[in-house]
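Note sheet for the following structure.
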Amino acid sequence: ERDALEWLRGTKRVEYDIVFLDPPFGRGFIEASLGELPNGWLKDRAWVYLEAEETPIFRLNVEPWHMIRHGRTAHTQYALLEFNNLVPYPTRRQVLRPDKDLGRQSSE
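Next comes the structure, spelled out in structure tokens:
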């Protein structure tokens with residue numbers, strides 16, 4: 107039995123067209139997964155669907171991600187992202203910033 111993040115960090119890579127992320131909330135798995143997926147796991151223009159807690163701690167509408175659609179339910183936010191591997195991938199710190207609204211651009 108292996109942790110999903112350990113598996114993502116493994117050496118064998120397969121490029122996927124679509125990935126679904128629905129990890130346990132509040133444990134940083136979304137952020138860590140979005141940091142690992144661009145390292146050879148996604149085809150150009152691949153889609154990533156994710157669900158996160160009501161107040162996520164990341165910003166999604168930044169390169170190499172393009173937000174296709176997002177929304178919320180009472181306790182969950184969801185998003186469909188498109189990956190662009192032609193854009194140099196910035197560090198996780200540049201991509202994943204605190205924000206109260208899924209996909210909201212900060213004024214920084």
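In terms of the numbering used here, the sequence shown is numbered consecutively and its last residue is 214.
The beta carbon of each residue, even a glycine, is placed where N, CA and C say it ideally should be.
Everything numeric in this text was worked out from a predicted model, so none of it was measured.
Bridge partners of threonine 182 according to DSSP: Glu159.
Straight-line measurement puts the Cα of phenylalanine 126 at about 5 angstroms from the Cα of tyrosine 155. Excluding the 5 residues flanking it on each side, lysine 149 has same chain C-beta neighbours closer than 6 angstroms at Glu121, Asp123, in chain order.
Rounded to the nearest whole angstrom, the CA to CA distance from phenylalanine 135 to threonine 182 is 15 angstroms. Restricting attention to Glu157, Ile174, Met173, Ser139, the CA atom closest to the CA of tyrosine 184 is found in Glu157.
In the DSSP assignment, the residues bridged to valine 154 are Val125, Leu187. Counting only the Cα atoms, isoleucine 174 lies some 23 angstroms from proline 130. Between glycine 146 and arginine 115, the C-beta spacing is not below 7 angstroms.
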